[in-house]
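Engineer: Here the sequence shown stands for residues 795 to 1290, where the numbers follow this note's numbering.
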Amino acid sequence: MNKDLKLIEDRQRETAIFGSVLSLLGWDQLTYMPKKGAESRAEQVSQLSELIHQKVTDDNFYHALLRLKKSKSLSKKEALMVKKLLKGIEKSRKLPEEFVKEMSKVTSLSYMAWEKAREKNDFKIFQHHLEKVVELKRKECNYIKEPDHPYNSLLDSYEEGMTVEKLKPIFEKLKKDLKILINKIKDTEHYKKQTPLSLEVPVEQQRELCHDLMKRIGLTEDRSRLDLSIHPFTQTAGINDVRLTTNFRKSPLFSFESTIHESGHALYELNLPEKDAYNILGSAVSLGIHESQSRFWENMVGKSRPFWNFYYSQFKKISKLDITEEQLYNGINFVKPSLIRIESDEVTYCMHVILRFEIELGLIEGTIKVKDLPKVWNKKMEELLGIIPKNDVEGVLQDMHWSQGAIGYFPTYALGSIYASQLFEQLTKEKKGIEKQIDKGDFSEISKWLKLKIHQHGNTLLPEELIKKACKKGLDVDTYVSYLNYKYSKIYGFKK
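Here is the structure:
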């Protein structure tokens, strides 16, 4: 084997293993770590992050890649690997080691401050920490200097190829179309008379339902596990080791929906090509595509009529409610603007994402100050959804993302919803009897189809290229809006 190629492959394996350890530390911090372990954990994360940064920005590694870039003997796959690695490394090499170390330490402490601020319902406890995070993210943009807009460097980290110039018109159209749809729904008699479902199920029975759901999707206990956290998430800790979390509340719907959502993420991770597990080409293509997998399972499958044809009897039995299948289905697809993103309905969800995108742009451009966030947040909530949070926990403190420096992440949730609708449209074209299988609680064909169309490709295509290959067209907002209009016109009885 070419000496440079061997160095590249060995280094990728090494950093992937270190990354798995970092991932495991992060999972532990959000689940089982004692609170007083925060400062020590921040040091651990900081040191390990610095070590990984050193490994990937090392001159020997970089120059080996430059030599390989000029080589005529590489296979198509090897050349793609080199191209992708160089893009990431050239970006990383622009960030000083001290900056990377500081960012890791600041975000680790910032998360703990966010937790405390939520407990006390006081944004000011978190404000100073978030100011530091935003300051560092603006520095990062300055170091990288992406063309056209500083936010592009952050966005590209999560959704390669996406830019502010592309995203703004997509979100403007989506915002306009969703406002029209929300108003159509609000004008119906169904909306005016509807009442939310009130279900109460003991935690142990909720847990059993969640495990049953995971198993049907294709997650086995020898490759995955389910734990608790404030904010449900999925973390990959190694090959055949994916950790999911959920949160149990009185109503089983929150834990059930968050579990099916996180199961979509987990299945994607477990179905990535194992032969490339220590290779950049074996990773997920983007967070937008990742989110498409979770939103596909949560909404297109988990809120569909066939799905609830199957689960109706179980829910009726454990909730001990005298409720018809139609009432349960309508209740699960209940539309009403709400304050909390992860509790919002399918129709209004993307409005929450657009709000965060607009705020992030302002923070990076410097037109919005961290100290003004509660006020800005409330104003935008009123503009987009017609409601105002009563306190910080209902508003600006609800998400952990900014505490961890994940600015540029939120748009991928909406992109994922759009991609998911396109995948669902294509699935129903290719698998004519799929709804009958869902009706029986058999999701195996869906899992196989997603593996074939999305998972097995790893990181060999750009997000939009992958969607175009799977769905015969690129990113298409109209498919998403049409899906929502069709589904909710049936539920609420308005004309499409």
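Every residue, glycine too, gets a C-beta built ideally from N, C-alpha and C.
(1) Taking C-beta to C-beta, are Phe1090 and Leu1217 nearer than 8 angstroms?
(2) Where do the ends of the beta strand (DSSP E) carrying Ser1098 lie?
(3) Classify Tyr1280: buried if its beta carbon has 16 or more other beta carbons within 10 angstroms, exposed otherwise.
(4) Using a Cβ-Cβ cut-off of 8 angstroms (strictly less than) and excluding sequence neighbours within five positions of Lys1165, which residues of its own chain qualify?
(5) With respect to the alpha helix (DSSP H) encompassing Gly1125, which residues constitute its N-terminal and C-terminal limits?
(6) May I have the straight-line CA-CA distance separating Ser867 from Asn854, to the nearest angstrom?
(7) To the nearest angstrom, how far is it from the Cα of Asp950 to the Cα of Asn1127?
(8) Any chance the segment 1127–1145 sits against the segment 974–990, with 3 or more Cβ pairs inside 8 angstroms?
(9) Quick one: what's Leu1167 bridged to in DSSP?
(10) Pick out whichever of Gly1202, Gln823 and Ala1031 has its Cα sitting closest to the Cα of Arg932.
(11) Taking Ala1031 and Ser817 to be in contact with their CB atoms under 8 angstroms, please state how far apart those CB atoms are, rounded to whole angstroms.
(12) What residue range is occupied by the uninterrupted beta strand (DSSP E) comprising Thr1040?
(13) Who are the Cβ neighbours of Gln1029 in its own chain at under 7 angstroms, not counting the five residues just before and after it?
(14) With DSSP as the reference, identify every bridge partner of Asp1021, one or two as the case may be.
(15) When DSSP labels each residue in this structure, what does Thr1014 get in the three-state scheme?
(16) Between which residues of its own chain and Glu1188 is the CB-CB distance below 8 angstroms, once the five residues before and five after are set aside?
(17) Anyone know if the C-beta pair for Gln1108 and Leu1003 falls short of 8 angstroms?
(18) DSSP three-state call for Thr1030: helix, strand or coil?
(19) What residue range does the alpha helix (DSSP H) around Met827 cover?
(20) Can you give me the C-alpha to C-alpha distance between Ile938 and Phe893, rounded to a whole angstrom?
(21) Let me make sure I understand the geometry here. Which of Arg887, Asn796, Val815 and Tyr1274 has the alpha-carbon closest to that of Ala858?
(22) Give the single residue among Ile974, Thr957, Lys962 and Val927 whose Cα lies nearest to the Cα of Leu1157.
(23) With a threshold of 8 angstroms, are at least 3 pairs of Cβ atoms found where one atom belongs to the segment 1055–1075 and the other to the segment 1111–1127?
(24) In the DSSP assignment, find the alpha helix (DSSP H) that holds Tyr856 and state where it starts and stops.
(25) Out of Ile1228, Glu1154 and Glu909, state which residue places its alpha-carbon closest to the alpha-carbon of Lys962.
(26) Going by alpha carbons, who is nearest to Glu1152 out of Phe1204, Leu1260 and Asp1016?
(27) Look at the alpha carbon of His984 and the alpha carbon of Gly1227, and state the distance between them as a whole number of angstroms.
(28) Taking the straight line between their C-alpha atoms, what separation do you get for His1084 and Lys871?
(29) Can you tell me whether Thr1014 is buried or exposed, with buried defined as 16 or more other CB within 10 angstroms of its CB?
(30) Quick one: Cα of Ser1294 to Cα of Ser904, how far?
(31) Closest to Glu994 by CA distance: which of Val839, Ser1113 and Lys1184 is it?
(32) So, under 8 angstroms CB-CB, Asn1065 and Gln1250 are touching, yes? Tell me the CB distance rounded to an integer number of Å.
(33) Looking only at C-alpha atoms, which of Thr1161, Phe965, Asn1185 and Leu1221 sits nearest to Tyr1143?
(34) Per DSSP, what kind of secondary structure is Asn1093 in: helix, strand or coil?
(35) Going straight from the alpha carbon of Pro828 to that of Ile802, what length do you get?
(36) Given a threshold of 16 other Cβ atoms within 10 Å of its Cβ, counted over all protein chains shown, does Val997 qualify as buried or as exposed?
Structural biologist: Well, looking at it:
(1) yes
(2) No beta strand (DSSP E) contains Ser1098, which DSSP labels as neither H nor E.
(3) Exposed, since its Cβ has fewer than 16 Cβ neighbours within 10 Å.
(4) Gln921 and Glu925
(5) Counting along the chain, Gly1125 sits inside the alpha helix (DSSP H) bounded by residues Glu1119 to Ile1126.
(6) 20 angstroms
(7) 33 angstroms
(8) yes
(9) Leu1167 pairs with nothing; no bridge assigned.
(10) Gly1202
(11) 5 angstroms
(12) Asp1035 to Thr1040
(13) Ser817, Gly820, Trp821 and Arg1037
(14) Thr1039
(15) coil
(16) Residues Leu1133 and Ile1134 of the same chain have their beta carbon placed closer than 8 angstroms to that of Glu1188, with the five preceding and five following residues left out of the count.
(17) yes
(18) strand
(19) Counting along the chain, Met827 falls outside any alpha helix (DSSP H), and DSSP gives it neither H nor E.
(20) 13 angstroms
(21) Asn796
(22) Val927
(23) no
(24) Asp853 to Lys864
(25) Glu1154
(26) Phe1204
(27) 31 angstroms
(28) 22 angstroms
(29) Under this definition Thr1014 is an exposed residue.
(30) Outside the modelled stretch of the chain, which goes from 795 to 1290, sits residue 1294, for which no answer is possible.
(31) Measuring from the Cα of Glu994, the nearest candidate turns out to be Ser1113.
(32) 7 angstroms
(33) Phe965
(34) helix
(35) 38 angstroms
(36) exposed
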